[in-house]
Structures are given as structure tokens and as C-alpha cells.
Amino acid sequence: MNQKDLLGLKELSREDIESILDTAVPMKDIIKRDIKKVPTLRGKAMVTVFYENSTRTRTSFEIAGKYLSADTVNLAVSTSSVQKGESLKDTVKTIEVMGFDLMVIRHSMSGTPHYVSRNTNMSVINAGDGTNEHPTQALLDLYSIREKKGTLDGLKVAIVGDILHSRVARSNIYGLSKFGCEVRVVGPATLMPPGLEKMNVKSYHSLEAALKGVDVINILRIQKERQQSGLFPSLDEYANLYMLRPEHLQAAKEDVLVLHPGPMNRGIEISSQVAEGLNSVINEQVTNGVAVRMALLFLMMGGSKNEVAS
Amino acid sequence: MGFIDKKIIMDDLALNRALTRIAHEIIERNKGVNNVALVGIQRRGVPLAERVARRITEIENVEVPVGILDITLYRDDLTTLASQPVVHRTAVNFNINDMNVVLVDDVLYTGRTIRAALDALIDLGRPKSIQLAVLIDRGHRELPIKADFIGKNVPTSRQEVVSVFVQEVDGKDGVVIQEITDS
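Note that the protein sequences, when read in sequence, are chains W and R.
Plus 214 on top of the position in the first sequence (first one is 1) and you've got this note's numbering.
Plus 1462 on top of the position in the second sequence (first one is 1) and you've got this note's numbering.
Here it is as C-alpha cells:
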């Protein structure tokens, strides 16, 4: 992989994705050492700019940078000059001229990282843009699946929940498709986006039918902040129809993996028994997220990248 | 840019005899191997370390732990390379504290790999000592680093490339000098 930005998985090749996942393997070893630090990115600076809330994505980018010895700064948008009306373009320019090499951005509007990328020489990583993509989440999902299954090729993966609003689902679909996976999506008809057939995805409305014979179940969070009223009657009804419970796992393969990008709404999209159960890799996903982000930072913050890109 | 073979410096027999001698020297220097571990530097240092360890076991009847060290993340030229080198795994699955650790690599040249390896190793613990075994020392050091155990000293020019082949990676054993050509 040799590119300035990571804006989405749509643009990445299978080889790019494999190179990131392969690099994440030795990175994960570093996290488990007594001395969790290597000098690799000494003298490089990165900033995380989150216009939406986040616990794990922002923290894991920050600690990934620190494990690699980059200087990492978090711009707290809620206490920044953004509140005084500074435009995004000016904020980005201000950050750039401080000498940062890389910017991680999350924004509620789709396409924001692409806009930033066109207006800066810094490397840009999309940490979630509206309902478009969340590439690093999908990469850590792919890593978690590959680590447990040994391969991604040809697996059957069900993505459950609010597909319409989910950037995690979109990035996963792009990524998994590149490995020939059979991707199924399941949820209420009102939460299915148009054009799924074009993405080569099968949609289901019955959880039981969708889970039949799958290798992986990826449960999405019901995003209360993105629900306009009326897409489904109530959270109780959603939980009745789509909450993943232990009995649902019977339909899937015996060694099925259960993933959830977090934060979990226990009792709405996933039951606690499944979240804590033997098939769940939800906690390990978080560790893998740090490893994958370390791999990305290493691959993107290498020396002469800027001249190559521009 | 291509390479032409100029000279065979070691055939398979010579290579394996050198490893046998290095095994004896490690035992002698450390007065036995009770506290000795070998750590091979990716990639060809790894099979060399494993072979030296097997010879030590044959001679002393003691197993010595063998680890794998990848120094990519410790390189001093990462910011000048056009694209990032591939990172391999480091696997030192024993405690190196208070051990006499012998680093093993195929070729000692500028010394920069060994500088990186020293830093990488010290991030894993505090060995009692670190020693260095190399199959070939070709000179041209850029740092104050010197090997403790050497298979063969080979005077070279900077236009030349010393290529070590090992069965485990290349399907054959041997060392050749090659010259870089423009064609």
C-alpha cells in the first residue's frame, strides 16, 4: 500500500487490504509486550479531529500513534474555535501549518474527509463520515475474522441491523466483497438502503433465514442519533425481531463468530449472553483495532509519500 | 539494474563448517551455554540461528532457546524510503533478562541493522550481554560495531553485493559475491 489517504475501502484493492492486515499482525505483538513502544514514527505528528462522539476509534488512533512514537494530539471540537464559527477549511489549514503529518477525521456529513483531502497536504484518514464509510472499523473486522478463520475467502457473513444508516456496513460490504465473501444483510425493510443488489448483497427480513450456515455475524448498533421517527415502531419491537440471542446461533455454523463494532446497546440489538458468549470476539475487536490502526499509520506516514502523491 | 555472479565465496560444505565452528566458539566464550540464547535477525539470520542452536545441542546436550527478531520498525532510514518495507513478526518467547544473547545475522556490512537490532532487543528486556555472530563480515562499517563470531571475513567494494543462500529460504546453501550492473 502506498497512498496518501485512506478515505474508504471502496477504492482499496484486495492487495492493499492484505498488506494492511499483514502489517497489523506484528503490530498486535507489540501491544502485548511489557514495553509497548517502538521508535518507528519518532518525529511524526498526527491529530485526531472528531466532530462526532467516539470512545474507541479516537482513543485507539491516539494510542496506536503513541505506541509507534508519533506525537498525537486530540482536537476537542466542542471546546475549539469551531464553536466560534471557524470554517472546516480554515481549521484544517491551521492544523496543517502547525506541522502535522496526518489527520484523522470523523464528521457527520458524508464526504467530509474527501473534501479535507483535496484541501491539504497532510495524509487524511476517514474515521467515519456520515452514512458513507468507516474504513478502519471494517479493516479491524476483516482482521478479526481472518485471525480466527485463517482466511476471508468465500466466507458467509451476515450483517444485522440498521443497514441504511450504517457506514460500518457499507465499508464491510466493500471489503468483504473483495474476498469473494457472500454478504447478507438483515433488518427491517425501512432500514435497508436502495441499490443493495448492485453491491452484490442479499437482503433478508427474517433473522433466522439470514443466519443459516453463516461463518460470521456482524451486529450493528441501533443508532438512536440517526433515527428519524417512524422507521420502526419501537425499540422493544426491534429487539423482539432482531436482537441476537443464544438460540439464533443454532442456525449458523458451529464456530460462528459474533462481531459488534461497539458501543453495544445490550438488550436491543444483542443479548448479554451472546455478547459475553464463546462465539463473541467483541473485546478482541478493540485490541485488533489498535493493531490495524498502527499498521495504517506506519504504512501512511512513511517518508517521501507526500511528494509521490501530489 | 541487474546482478552478475562474480565469485563463489562459500559452498554448502564451507557454510556448514563455519556454522559448526561458530557453535564451538559460542560455547567456549560463554563457558557452556546454560545462560545463552540465540536470536536470529529476519530473514536469513533466523535459519542460521536455528542451525547453530542444533549444533550446540549436539555438542553440549543442552537446548538453547532461539528467538526471531524483525528490525524493520527500528530502521533509521524509514523516512527516506519511497515505500514502507514489509514488517515481519518478532517472536522472542522467552525472558531475555540476565541472559547472554547471541544475535545471529547473515552479513555484517554498515552495522545499521545491528544498531537497530540492539534497540529492538533492549525493548524486550535487559540481557546480561549481547554478542554478535555473522556468517560474513564484508567491512565498510558506518557505526562502531564489531562481530564476536565470524564465519568468514570477505573484503568487498561497495559496488558489490554479498548474497547468502540458505536451504530454508532459498533451497540451497552458499555465499556468492555479485556485482551490480546497469543493464
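Even for Gly, the Cβ is constructed at its ideal location relative to N, Cα and C.
Every value quoted in this text rests on a predicted model; they were computed, and no experiment measured them.
Over what stretch of residues does the alpha helix (DSSP H) that includes residue i continue unbroken?
| i | result |
| --- | --- |
| Lys312/W | Rather than Lys, the amino acid found at residue 312/W in this sequence is Met. Met312/W -> no alpha helix (DSSP H), and no H or E assigned at all. |
| Thr350/W | Pro349 to Lys363 |
| Asn502/W | Ile496 to Met514 |
| Leu390/W | Arg381 to Ser391 |
| Leu1510/R | Gly1507 to Glu1522 |
Cα separation between residue i and residue j?
| i | j | result |
| --- | --- | --- |
| Leu289/W | Leu405/W | 33 Å |
| Asp1567/R | Leu1594/R | 8 Å |
| Lys250/W | Ala1582/R | 12 Å |
| Glu1520/R | Arg1479/R | 14 Å |
| Lys1634/R | Glu1487/R | 25 Å |
| Thr365/W | Ser380/W | 25 Å |
| Ser524/W | Met514/W | Residue confidence for Ser524/W is low, a pLDDT of 32 falling below 50, so the modelled location carries little weight and cannot support an answer. |
| Val296/W | Arg1577/R | 46 Å |
| Lys307/W | Thr1552/R | 39 Å |
| Ile359/W | Leu471/W | 8 Å |
| Val330/W | Asn1555/R | 44 Å |
| Lys362/W | Glu229/W | 20 Å |
| Lys519/W | Ser337/W | Confidence is the limiting factor: at Lys519/W the pLDDT is only 47, short of 50, which leaves the residue's position unreliable, though a coordinate-based value still follows. Roughly 9 Å separates the two Cα atoms. |
| Leu445/W | Gln464/W | 29 Å |
| Asn386/W | Arg272/W | 19 Å |
| Asp1538/R | Ile1612/R | 25 Å |
| Pro460/W | Leu356/W | 23 Å |
| Arg247/W | Glu411/W | 45 Å |
| Gly1601/R | Met1472/R | 17 Å |
| Glu521/W | Leu1543/R | At Glu521/W the pLDDT is 44, less than 50, meaning the model places this residue with poor confidence and gives no usable figure here. |
| Ile1518/R | Val382/W | 53 Å |
| Ile245/W | Ile231/W | 21 Å |
| Val1616/R | Arg1516/R | 26 Å |
| Cys395/W | Arg270/W | 27 Å |
| Leu1481/R | Pro1527/R | 17 Å |
| Arg1603/R | Gly1573/R | 6 Å |
| Val488/W | Gln351/W | 21 Å |
| Lys298/W | Val311/W | 20 Å |
Can you give me the Cβ contacts of residue i inside the same chain, cut-off strictly under 7 Å, excluding the 5 residues immediately before and after it?
| i | result |
| --- | --- |
| Gly313/W | Ala259 |
| Asp376/W | Gly401, Leu405, Leu434, Ile436 and Gln437 |
| Phe393/W | Arg228, Leu366 and Asp367 |
| Ala1579/R | Ile1503, Leu1531, Ile1533 and Leu1565 |
Closer than 6 Å by C-beta to residue i: which residues in its own chain qualify, once you throw out the five before and the five after it? Chain order, please.
| i | result |
| --- | --- |
| Val318/W | Thr262, Phe275, Ile339 and Ala341 |
| Ala303/W | It is worth fixing the name first, because residue 303/W is Lys in this sequence and not Ala. Cβ neighbours of Lys303/W beyond the five flanking positions: Asn333. |
| Val1638/R | Asp1467, Ile1470 and Ser1625 |
| Tyr388/W | Leu223 and Lys224 |
| Glu1630/R | Pro1509 |
| Asn1492/R | Val1498 and Asn1562 |
| Ile1558/R | Leu1586, Gly1587 and Pro1589 |
Step through the CB atoms of chain R and report whether any lies within less than 9 Å of the CB of residue i.
| i | result |
| --- | --- |
| Gly368/W | no |
| Met241/W | yes |
| Val522/W | For Val522/W, the predicted structure reports a pLDDT of 39, less than 50, and the residue's modelled location is therefore unreliable. The matter cannot be settled from this model. |
| Thr254/W | yes |
| Lys392/W | no |
| Ala424/W | no |
List the endpoints of the continuous beta strand (DSSP E) containing residue i.
| i | result |
| --- | --- |
| Tyr418/W | Lys416 to Tyr418 |
| Gln1640/R | Gly1636 to Thr1643 |
| Ile433/W | Val430 to Ile433 |
| Glu1622/R | Glu1622 to Phe1627 |
| Lys1614/R | Phe1611 to Asn1615 |
| Glu396/W | Glu396 to Val400 |
I'd like to know whether the C-beta of residue i is nearer than 9 Å to at least one C-beta of chain W.
| i | result |
| --- | --- |
| Thr1654/R | In the structure displayed, chain R extends from 1463 to 1645; residue 1654/R sits before or after that span and is not available. |
| Asp1473/R | no |
| Thr1541/R | yes |
| Val1548/R | yes |
| Asp1560/R | no |
| Ile1576/R | no |
| Leu1535/R | yes |
| Asp1610/R | no |
| Ala1579/R | no |
| Gly1573/R | no |
| Gly1587/R | yes |
| Ala1499/R | no |
| Asp1532/R | yes |
| Ala1515/R | no |
Note down, in chain order, each residue of its chain lying with its Cβ closer than 8 Å to the Cβ of residue i, except the 5 sequence neighbours on either side.
| i | result |
| --- | --- |
| Met457/W | Gly481, Ile482, Glu483, Ile484 and Ser485 |
| Arg398/W | Lys370, Val371, Ala372, Ile373, Val415, Lys416, Ser417, Tyr418, Ala424 and Val428 |
| Ser268/W | Arg320, Ala341 and Gly342 |
| Arg1494/R | Per the sequence shown, the amino acid found at residue 1494/R is Gly instead of Arg. Within the same chain, Gly1494/R has close Cβ partners Glu1522 and Val1524. |
Verify the contact flag: residue i, CB atom, against every heavy atom of the ligand NAP, threshold strictly below 8 Å.
| i | result |
| --- | --- |
| Thr326/W | In the structure on display, the ligand NAP does not appear, and there are no ligands present to speak of. |
Ranges of the beta strand (DSSP E) found wholly within the segment 252 to 316 of chain W, counting only runs of at least 3: The DSSP assignment places complete beta strand (DSSP E) segments of no fewer than 3 residues inside the segment 252 to 316 of chain W at 259 to 264 and 285 to 289, in order along the chain.
Would you list, in sequence order, the uninterrupted beta strand (DSSP E) runs of no fewer than 3 residues that lie entirely inside the segment 317 to 349 of chain W? Taken in chain order, the unbroken stretches of beta strand (DSSP E) that lie wholly in the segment 317 to 349 of chain W and span 3 residues or more are 337 to 343.
Which runs of the alpha helix (DSSP H) at least 4 residues long sit entirely within the segment 1471 to 1504 of chain R? Give them in chain order. Note on the segment 1471 to 1504 of chain R: whole alpha helix (DSSP H) runs with a minimum of 4 residues are 1474 to 1491, in chain order.
If you scan the segment 1538 to 1592 of chain R from start to end, which runs of the alpha helix (DSSP H) of 4 or more residues do you find wholly inside it? Unbroken alpha helix (DSSP H) stretches of 4 residues or longer found wholly inside the segment 1538 to 1592 of chain R: 1574 to 1584, given in chain order.
Contained alpha helix (DSSP H) runs [length at least 4] in the segment 448 to 494 of chain W, N- to C-terminal order: As far as the segment 448 to 494 of chain W is concerned, its whole alpha helix (DSSP H) runs of at least 4 residues are 449 to 456 and 486 to 489.
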